[in-house]
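Peer 1: Provided herewith is a single structure, encoded as structure tokens, for subsequent inquiry.
Number of protein chains: 2
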Amino acid sequence: MPETARRTDRLAGSRYGNRPTMKDVAARAGVGLKTVSRVVNGEPGVTPETERRVQEAIDALGFRRNDSARVLRKGRTASIGLVLEDLADPFYGPLSRAVEEVARAHGALLINGSSAEDPDREQELALALCARRVDGLVVIPAGDDHRYLEPEIKAGVATVFVDRPAGKIDADVVLSDNYGGARDGVAHLIAHGHRRIGFVGDMPRIHTAAERLRGYRAAMEDAGIEVADAWMSLGVTDPQRVRRAAEEMLSGPDPVTAIFTGNNRVTVTAVRVLAEHKRPVAVVGFDDFELADLLQPGVTVVAQDAAALGRTAAERLFRQLDGDLITPERIELPTRLITRGSGELPPRD
Amino acid sequence: MPETARRTDRLAGSRYGNRPTMKDVAARAGVGLKTVSRVVNGEPGVTPETERRVQEAIDALGFRRNDSARVLRKGRTASIGLVLEDLADPFYGPLSRAVEEVARAHGALLINGSSAEDPDREQELALALCARRVDGLVVIPAGDDHRYLEPEIKAGVATVFVDRPAGKIDADVVLSDNYGGARDGVAHLIAHGHRRIGFVGDMPRIHTAAERLRGYRAAMEDAGIEVADAWMSLGVTDPQRVRRAAEEMLSGPDPVTAIFTGNNRVTVTAVRVLAEHKRPVAVVGFDDFELADLLQPGVTVVAQDAAALGRTAAERLFRQLDGDLITPERIELPTRLITRGSGELPPRD
DNA sequence: CTCGCATATGACAACGTTGTCCAGGCTCTA
DNA sequence: TAGAGCCTGGACAACGTTGTCATATGCGAG
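Note that the protein sequences, when read in sequence, are chains A and B. Just so we're aligned: 128 in the working numbering is position 128 of the first sequence, and the numbers increase by one with no gaps anywhere. Remember, the working numbering sits 349 above the position in the second sequence when you count from 1.
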């Protein structure tokens, strides 16, 4: 009873109602299936008259080509995936936007998802995107082991990691110069006379945090300053703990006169704490943020160019897809010190 | 010569190298195709022993189910589309994130794109998403005519508009209470003694801008204040022109003592201008923004809940998909006045 | 007038998966 | 021990599209 079979089948898959297909269009226009395909894809070899008839049928039925079928047949999806940490974080907005812009220029759509800083979720997402057969993948790593992507990469999925390096596999990576930027920022404070400089940053297991810490240490060492343990606060990002950490550094027998903060969230909280503080304390933060110039004093920052990170990564991705590249590369983009006042305050004891 | 045909065909679609298929897995495991499908989908009716063999073959070959084919067969993509204005705008980050969160809870992926405020691009994007057969669409309108979506909606694509209403079609809409919020904000200024209150906002052809302007007028009228044309500046968003507009209102024979700003970009620029101004001028802005509390004085705002907008829209979308709903609805979410100082300054002439 | 050629069109298979249906082997019971 | 019923596994078609190839049509040249 094929009739029944068909009906059941239809029902199971009928989330769309029944959309017209090329076959329907062909029937209505009184032409062959392939002719419709030709018209839809602008292929040559169709008389203007035939084309008109087909176009009419398309409009009348509200036909829209089913790209799933097309993808299945052609093998390419013209879409790329973006796995990022948190879309709500203002740092990733411009990055994501830049990736999308490049994708668009290459006629591709962007599918994205947030890992919420959870390695398992990152993997789940990345693999889901691969199952969709995205042509390529831009990943902002949450975890530090990406071997799970090996079969995908081998199968031809272009892959670029951004902001943090890939773990345990050889792949393209686009990073900011976290080490150099932090070093410059801290050196800037030292140049303005500070010697007791605090560092508040994320857990060193996060690559960017580790690099920035390394930059801090290097700048201090360059200046011949020995760093006291009490000046460093690692693995601290939530406002309450940042607050406590900053307050501890500022009190005690040997209080810091300046603080270097490891990312924008920490910077903002630190600035809040310092605003309540009696003595002015110098601050340089890693990451720029909106309105940093409007605060009193303006906040001096080491800025990374999020859009450039995204753009560079996406362009690299499409070059992979075009078959241009062979050897994975590590690209480091420079940071920029923006002086606004808070980093130029002299030490006050 | 079918051999040749096959080879050419392969080449055309071989962006992925040749990924293993269920057929390959079946061959390697020595079972039938459908058995592999059963294992992959966790369907019952497979002996543990068989399952083990299949799983082994899957791992060995690095097989990953091709969701394109799956989609084609099943009719659902388990993905939804989001068309927004600009991912780099901090307002849309939390909104997008909220949509994604709901999608994830329903096992769906999120595909998104930015319209860059261009109606043509919005349409192009929305239709591209429909061609991918997304199950549903969340649209932040750039244009004001959405009849192009009618065939899609009729075909069963769930659709919800957010932040601005749909144009010329009947559909679900989730909005902030722009009118009420603006009215409250302006009333707040009036309550603090202001009578000459300026308004700087976007072009009234944008729905939100028009509603906020309407709220401004209503509050003024309620207080029996006649609004002078010179107090209103419409269609002004780029920093330079906002600057000029604000300066004009503040000079002249009858300067305003307070300004109500129509969105966060305008607010920020206005605050910049006022920071340079000699006399303190009160400000209330529509839209909250990060660090508004840290400025001197803190900026009083009418806050909308971007995340709630996204969440509400997405939930509505999935209820449509579950077939719960029939009649399109217009949902308005309340705004919240957050007082921080700038809106409580008394008038000074 | 006919042959050859170019051009327009259609038939058909294939992409990789899932739903349906059937076959074979097993257990359990009468 | 035979038959009923269950469980496992596989053959096959179908989803909607595109690439290949074959055919039909019309036209100009010989």
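Using N, Cα and C, we set each Cβ at its ideal position, and we do this for glycine too.
Using a Cβ-Cβ cutoff of 9 Å, what residues of the stretch 288-300 of chain A are near chain B? List them in chain order.
Peer 2: F289, E290, L291, A292, D293, L294, L295, Q296
Peer 1: Does the Cβ of E329 (chain A) have 16 or more other Cβ atoms within 10 Å, making it buried, or fewer, making it exposed?
Peer 2: exposed
Peer 1: Mind pulling the chain B residues with CB within less than 7 Å of A88 (chain A)?
Peer 2: The answer, in chain order, is G442, P443, R446.
Peer 1: Out of A:R244, A:A88, A:G298, A:A131, state which residue places its alpha-carbon closest to the alpha-carbon of T77 (chain A).
Peer 2: A:A131
Peer 1: In this structure, how does DSSP classify L33 (chain A) when only helix, strand and coil are distinguished?
Peer 2: helix
Peer 1: Which residue from A:M249, A:A98, A:E211 puts its Cα closest to that of I197 (chain A)?
Peer 2: A:M249
Peer 1: Based on DSSP bridge pairs, tell me the residues matched to E681 (chain B).
Peer 2: B:L524
Peer 1: Taking 7 Å as the CB-CB limit, is I687 (chain B) close to chain A?
Peer 2: no
Peer 1: Given this structure, state the Cα-to-Cα distance separating D571 (chain B) from P629 (chain B), to the nearest angstrom.
Peer 2: One C-alpha to the other measures close to 26 Å.
Peer 1: Going along the chain, which residues of the stretch 402-415 of chain B sit with their C-beta nearer than 9 Å to a C-beta in chain A?
Peer 2: L410, G411, F412, R413, R414, N415
Peer 1: Are V157 (chain A) and T312 (chain A) touching if we call contact CB-CB under 7 Å?
Peer 2: No. Outside cutoff.
Peer 1: By DSSP's criteria, I259 (chain A) is part of a beta bridge. Which residues make up the other side?
Peer 2: In the DSSP assignment, I259 (chain A) forms a beta bridge with A:G198, A:V283.
Peer 1: Which chain A residues are close to E449 (chain B), counting only those with a beta carbon under 9 Å from its beta carbon?
Peer 2: For E449 (chain B), the C-beta contacts it makes with chain A under 9 Å involve L87, N112, G113, S114, in order along the chain.
Peer 1: Can at least three beta-carbon pairs, one atom from the stretch 473-492 of chain B and one from the stretch 134-149 of chain A, be found at a separation below 8 Å?
Peer 2: no
Peer 1: Mind checking if R377 (chain B) is an interface residue toward chain A, Cβ cutoff 7 Å exclusive?
Peer 2: no
Peer 1: Check whether the Cβ of A418 (chain B) lies closer than 7 Å to any Cβ atom in chain A.
Peer 2: yes
Peer 1: Decide if I429 (chain B) is buried, meaning its Cβ has at least 16 other Cβ atoms within 10 Å, or exposed.
Peer 2: It is buried - the Cβ of I429 (chain B) has at least 16 other Cβ atoms within 10 Å.
Peer 1: Using a Cβ-Cβ distance cut-off of 7 Å, determine whether P151 (chain A) contacts chain B.
Peer 2: yes
Peer 1: Rounded to the nearest angstrom, how far is the Cβ of S747 (chain B) from that of D494 (chain B), given a contact under 8 Å?
Peer 2: Only positions 350 to 698 of chain B appear in this structure, which leaves residue 747 (chain B) out of reach.
Peer 1: Can you give me the C-alpha to C-alpha distance between P351 (chain B) and R73 (chain A), rounded to a whole angstrom?
Peer 2: Its pLDDT being 33, under 50, P351 (chain B) is placed unreliably by the model, and nothing is read from it.
Peer 1: Write down every uninterrupted run of the alpha helix (DSSP H) in the stretch 469-538 of chain B whose length is 4 residues or greater and which is fully enclosed by it, in chain order.
Peer 2: 499-503
Peer 1: Is any beta-carbon of chain A found at less than 7 Å from that of S691 (chain B)?
Peer 2: no
Peer 1: To which residues of the same chain is V509 (chain B) closer than 8 Å at the C-beta, ignoring the five residues directly before and after it?
Peer 2: G485, L486, V487, V488, A520, D521, V522, V523, A662, A663, R665, L666, Q669
Peer 1: Kindly indicate which three-state DSSP category D436 (chain B) falls into: helix, strand or coil?
Peer 2: First, the amino acid is wrong: residue 436 (chain B) is Leu here, not Asp. When DSSP states are grouped into helix, strand and coil, L436 (chain B) belongs to the coil group.
Peer 1: Does R6 (chain A) get closer than 7 Å to chain B when you measure Cβ to Cβ?
Peer 2: With a pLDDT of 32 at R6 (chain A), under the threshold of 50, the modelled position of that residue is not reliable, and no figure is offered here.
Peer 1: Do A282 (chain A) and A258 (chain A) have their C-beta atoms within less than 7 Å of each other?
Peer 2: yes
Peer 1: Whose Cβ in chain B lies nearer than 8 Å to the Cβ of T77 (chain A)?
Peer 2: Simply S417.
Peer 1: Helix, strand or coil for S79 (chain A) per DSSP?
Peer 2: strand
Peer 1: Tell me the DSSP secondary structure of I460 (chain B) in three-state form.
Peer 2: strand
Peer 1: Using a Cβ-Cβ cutoff of 9 Å, what residues of the stretch 618-636 of chain B are near chain A? List them in chain order.
Peer 2: V620, R621, A624
Peer 1: With burial defined as no fewer than 16 other Cβ atoms inside 10 Å of the residue's Cβ, what is the status of S68 (chain A): buried or exposed?
Peer 2: buried
Peer 1: Determine which residues share a DSSP beta bridge with V271 (chain A) and list them.
Peer 2: When beta bridges are read from the DSSP output, V271 (chain A) appears opposite no residue.
Peer 1: Return helix, strand or coil for M351 (chain A), following the three-state DSSP convention.
Peer 2: A question about residue 351 (chain A) goes unanswered here, because the residues of chain A that appear run from 1 up to 349.
Peer 1: Buried or exposed for S251 (chain A), going by 16 or more other Cβ atoms inside 10 Å?
Peer 2: By the 10 Å Cβ count, S251 (chain A) comes out exposed.
Peer 1: Which residue marks the beginning of the alpha helix (DSSP H) containing G99 (chain A), and which one marks its end?
Peer 2: Looking at the sequence shown, residue 99 (chain A) is not Gly but Val. 92-105 is the extent of the alpha helix (DSSP H) around V99 (chain A).
Peer 1: In this structure, does DSSP put T300 (chain A) in helix, strand or coil?
Peer 2: strand
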